[in-house]
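Protein chains in written order, with the working numbering: chain V, 1 to 201; chain E, 1001 to 1743. We treat Cβ as the ideally placed atom computed from N, Cα and C, and that holds for glycine. Predicted model, so just to flag it, every value in this text is computed and none were measured. These notes concern the structure reproduced below.
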């Protein structure tokens, strides 16, 4: 249970700072008094969590309400994993937990004690792209790029699980990942090429 | 801060591709600011009425709570009430929902409060704990019922050329009604805004927008700030398809909250909120009547449409427009009305009104072709015209016949049988269908800065953003061609309103508008280099500029390219690090060139329809575009693929369902609102005429984002008819509807 003291002191500052609020400069705008009520909110409930993320062990204090997705994006600043729906419908947040593809939005962070997490940021080896990333580039398998991390993580899992024997099987495995720009054909082209190349994934 | 994109080695790869496949590309909600607070909307659970009371006691006691913003404690916003701020110059009234301005509820899901907390988890919890009580009023959301009451309709626009309803006098005619439900853009990136008041009168915004400049101006005028004191950054836009053409409630909410709590505030919509807060394709009803003589000459087209809008804004689009001008016909009448409902305001969604209108037009033409016992392509070729029928101006370029021919070849049209139910594969009926799309090809104003560095790199800058079309990639190609430079020497910077004013990305105009600006800036850079060569390089002192050429970073004699000086040497001689130009490329008024300017598409599909279950499977798609010169073949192809996928959704799955007893959307998730997924997508072939339009701009390119989807749903319906003899006029075409339809 940490952080609440810090937060309270910050709130004290806010209370002082926002005694008067006007939205713009100029004397014609009436400053409106908006004192923040003197509630003292409950402390943010936190718990220790040890994770291995992209090969690096991390000892964290996490909000017990955090999903792995929000932990990655908001607490750790690892924004390569995307939020597209936060309810497991779209696949934008697909990561690997202990090698299994998982919707990061559906996994509470604290349930992952000791787990190994791989995200898009952990796929390339230094400057060398993962074969799937290179294939996505080559086949223009994205437009806006927002679903791309999830598509690539699913695509890697698709190959690892041996579910890429033909295009129909690839499409069936990949149907949990929406691409609203409609780059589906180019995505399947990329996966098929990596599968056929026999590249080590 | 702005996007810096260097071209990479493979000429086909997107210049921003590396960032996107490695997860490094930053989207709006991904910019961390110190001491940032999170804002989550609390949305109305009623459809119409007033908020009686908001209790925040429980909410404010929750972990991490900072504040709850709502109408009772919302600071005064100049753009909500300009007359109350006579001293502020740069103010205009906010268009659209004035969030937290009053206690009125105008639609289900309207933001009532913004819960502010230290973390996203806390903000979600605080939002859930805000207690709102309402006084409900009766409401109207049932489009199908209310559109039949003329008293409920707002007059839109009417048009008559020749006789109205002339189709009824033709020996052969078809009359039919079409219904399209509300569809939602649903880009994968949710709309988001981060607002940060850097000081009392200057604001930094990270915002999901298709137009950094238009957002800058809208926000400046909302708060009475000078434009330059509002900086809008949209480094990457994770899809939009029209939803980010204007600023929605998340923008003022974040800005007001950031002012109120004196901290940066991030507001990200939830997926359910994406269904009611950032626009949608309006629900529509259409009636088409088309008549022809026995030889297939069109004798009359009548197209009537109604689409919904909200109670607080009118939204109109070009539903009936294509019927007025696309095919040769002397007698055309159209009428378009609006039905205001207690829903949020619709907006442009890919291929806006034309996608709606061409569905009805192209299905009705297909019906008439069948009645005339004509091949649908032959029928269209019969009524082909090079003169835009409404303006009577010749098209600047129209190669749609090439699309008919090539598309027919690629889909295997020769295997199509005129009589439905003629082709079967086991339990599946097989059918072929086609549909035509058309959209305006404009050219707006754009300003581009071109910078030539002494190390030979060229940087081009404009305040445009890119929702995925590949704008930077295309602009690098335009510049590389204009400067005769390798692409890896050129970078394009965008996504920041501080850059020279660029266009809003929309209406299939970016390549034409911005490409013209880039081309002009590059021409000016070359001209500047020639001037510098004459001034600083003695051998060229007496040479005419016409005899000089700039290519591969050298200025040389046209007649002898060995006589040359490197651009970098010229810049060094000037004792500067770079030279630059800023050029504004003017917009095009088609009247000035006495031409009509449009892009065209023809889509072909082969479908299987299960004879027992009615299930529709697309087996093959061919999509062809006539959009002038194709600047960036790979990204253009991807855009066409995307349009076809969007068209598959429109045709087969996408439908917002509203419970009219509550006014609430019943399927506001991506699990229940079905968008196309991998397993629905057949092989898609893309083909372009790729012929430069000689009039539209200096680069010969027209837009293709809209035509990629316009006409596609008709091709599917026409193929289903060809397969089964059943005409499906209400989208989406579901197996239930197919089973219920009569052949």
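1. Whole beta strand (DSSP E) runs in the region 1547–1588 of chain E with 3 or more residues, listed along the chain?
2. Cβ of residue 58(V) less than 8 Å from any chain E Cβ?
3. For residue 1679(E), return the contacting residues in chain V, with the cut-off set at a CB-CB distance below 7 Å.
4. Using 8 Å as the Cβ pair cut-off and three pairs as the minimum, do the region 1472–1486 of chain E and the region 1207–1219 of chain E touch?
5. Taking CB distances under 8 Å as the criterion, tell me whether residue 1040(E) reaches chain V.
6. With C-beta atoms as the reference, is residue 1494(E) less than 8 Å away from residue 1465(E)?
7. Let me make sure I understand the geometry here. Which of 93(V), 45(V) and 165(V) has the alpha-carbon closest to that of residue 191(V)?
8. Taking C-beta to C-beta, are residue 1682(E) and residue 1620(E) nearer than 8 Å?
9. Between 1265(E), 1274(E) and 1225(E), which has its C-alpha nearest residue 1244(E)'s C-alpha?
10. When you compare only the Cα positions, how much space is there between residue 1102(E) and residue 1082(E)?
11. Since residue 69(V) and residue 110(V) are thought to touch, with beta carbons under 8 Å apart, how far apart are those beta carbons, to the nearest angstrom?
12. Note the first and the last residue of the continuous beta strand (DSSP E) segment covering residue 101(V).
13. For residue 1603(E), name the three-state secondary structure that DSSP assigns.
14. Let me check one thing: in DSSP terms, what residues is residue 1176(E) bridge-paired to?
15. Please list, in chain order, the residues of the region 1186–1205 of chain E that have any C-beta partner in chain V closer than 8 Å.
16. For residue 1547(E), collect the residues of the same chain with a Cβ closer than 8 Å to its Cβ; drop the 5 residues on either side in sequence, then sort them by chain order.
17. Who does residue 1041(E) pair with in a DSSP beta bridge?
18. Using a Cβ-Cβ cut-off of less than 9 Å, list which residues of the region 1349–1381 of chain E approach chain V; keep chain order.
19. Establish whether the CB of residue 1449(E) and some CB of chain V are separated by less than 8 Å.
20. Pair every Cβ in the region 1692–1707 of chain E with every Cβ in the region 1416–1435 of chain E, then say whether three or more of these pairs are closer than 8 Å.
21. Can you pull the chain E residues whose beta carbon is under 8 Å from the beta carbon of residue 80(V), in chain order?
22. Could you spell out the range, first to last residue, of the beta strand (DSSP E) harbouring residue 52(V)?
23. My output table needs one value for residue 1727(E): the three-state DSSP class, helix, strand or coil.
24. Rounded to a whole number of angstroms, what is the C-alpha to C-alpha distance between residue 81(V) and residue 1699(E)?
25. Report buried or exposed for residue 1408(E), applying the criterion of at least 16 other Cβ atoms within 10 angstroms of its Cβ.
26. Report the three-state DSSP secondary structure of residue 1478(E) (helix, strand or coil).
27. If you reduce the DSSP assignment to three classes, tell me which class residue 96(V) lands in.
28. Verify the CB distance criterion: does residue 1063(E) have a CB-CB separation below 8 Å to chain V?
29. Can you check DSSP and say which residues form a bridge with residue 1183(E)?
30. Which partner residues does residue 1688(E) have in the DSSP bridge list?
31. Alpha carbon to alpha carbon, what distance is there between residue 1276(E) and residue 1061(E)?
32. For residue 1726(E), does the count of other Cβ atoms within 10 angstroms reach 16, so buried, or fall short, so exposed?
33. Taking CB distances under 8 Å as the criterion, tell me whether residue 189(V) reaches chain E.
34. Give the secondary structure of residue 1490(E) by DSSP, where H, G and I count as helix, E and B as strand, and everything else as coil.
35. With distances taken between CB atoms, is the gap from residue 1051(E) to residue 1071(E) smaller than 8 Å?
36. Residue 1131(E) touches chain V at which residues, Cβ-Cβ below 7 Å?
Quick look at the numbers:
1. 1548–1551, 1554–1557, 1564–1566 and 1578–1585
2. no
3. 171, 172 and 175
4. no
5. no
6. yes
7. 165(V)
8. yes
9. 1274(E)
10. 15 Å
11. Not really, about 14 Å apart at Cβ, beyond 8 Å.
12. 100–103
13. strand
14. 1288(E)
15. 1186, 1187, 1188, 1189, 1190, 1200 and 1201
16. 1557, 1558 and 1559
17. 1114(E)
18. none
19. no
20. no
21. 1022, 1023 and 1024
22. 46–53
23. coil
24. 38 Å
25. buried
26. helix
27. strand
28. yes
29. 1281(E)
30. 1625(E)
31. 29 Å
32. buried
33. no
34. strand
35. yes
36. Those within 7 Å of residue 1131(E) in chain V number zero; the least Cβ separation is about 15 Å.
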